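Last residue of the sequence shown: 253 in my numbering, with the numbers rising by one and none dropped.
Below is one structure, written out as structure tokens; comments come after it.
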Amino acid sequence: MQSPLPHGTRPPFLALCTRAILLKIYVMKKSIPKVLFALVGVLLIASGIQPEDHFTWALEVSWVGAGMMILGVYHHKNGAITWFLGMSLFLHALILIYGGWYTYEKVPLGNWIQEWFQFDRNHYDRIGHFAQGFFPAMLAREVLIQNKVVPRRGWREFMVFALMMAFTALFEILEFGAAKAFGDGADAYLGSQGDIWDAQWDMVMCCLGCVVNISLFARRHEGRIECLHQQENQTLIH
């Protein structure tokens, strides 16, 4: 009679099945960002069909186009990104495209919120700036971890926060430049709706979005990045 398998070993067939399943899961998760990337491209093109204002649409969605190019270059040089980051950037792109198609002060969701809570303005732009701090924080964190820029978590999250605040400040400066360059033609892009503190509120919402991300999702995101590294290592070994 054949002797039993040594302790701690598995039948070859079971081992092969396990490896195949792990590889399949890895490939599926790895393909999610690519699928979302393609879907954003389709939605971006479709949103250019009869937007509320073509000039405002071009200014708003240009951030999505620039982000897609940067992400494409980063993916080419550094390999896969987590599906966690892919989904985050996808949701952010949807918010930007939706706002660009209607212009922020006319977005139906913002109008509904305005009527429901009896606000004096459409606050969809506040949602957009909260997202501006929340979702790109994922990208900043993943880049910092993947490139081993800041190994200590506390300093890394501080850098994520600093990058997001610098980003929102740059965004407001660019809005200022657009207002100076295009005059009244940039009113819909600015979306201040008569609020003299609009720029400050935009930065406050971005700050809040980043703080929420760091407080609630930083550790979970780090876990996803670690899982991605482990899956890549297992794939290389097998």
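Using N, Cα and C, we set each Cβ at its ideal position, and we do this for glycine too.
Owing to the predicted nature of the structure, the values given are computational and were not obtained by experimental measurement.
Quick one: using the 10 Å Cβ neighbour count with 16 as the cut-off for buried, is W131 buried or exposed?
exposed
Using the beta-carbon count (16 or more within 10 Å), is I64 buried or exposed?
exposed
So, at 7 Å on beta carbons, what are the nonlocal neighbours of I96 in its own chain, with the 5 sequence-adjacent residues on each side left out?
P48, H90, E157
Over the uninterrupted alpha helix (DSSP H) stretch that includes V79, give me the two end residues.
Its alpha helix (DSSP H) spans residues 69-93.
A194 to G56, Cα distance in whole Å?
28 Å
Runs of alpha helix (DSSP H) wholly within the segment 129-176 (minimum 4 residues, chain order):
139-161
Cβ of D68 within 7 Å of any chain B Cβ:
Any reference to chain B falls outside this structure, which holds one protein chain only.
Cutoff 7 Å; reference I139; Cβ partners in own chain excluding five residues on either side:
The sequence given here places Tyr at residue 139; Ile does not occur at that position. Excluding positions up to five away in sequence, the list reads G114, Y119, V122, L124, G125.
Could you tell me which of V164, A155, F52 sits nearest to L109, measuring between CA atoms?
F52
Buried or exposed for N162, please, with buried defined as at least 16 other CB atoms from any protein chain shown within 10 angstroms of its CB.
exposed
Under 7 Å between C-beta atoms of M174 and V165
Yes, Cβ-Cβ distance for M174 and V165 is below 7 Å.
If you drop the 5 nearest sequence neighbours on each side, which residues of the same chain put their C-beta closer than 8 Å to that of M218?
Excluding residues within five positions, the ones whose Cβ falls inside 8 Å are H144, M180, T183, A184, E187.
Can you tell me where the alpha helix (DSSP H) holding A203 begins and where it ends?
202-205
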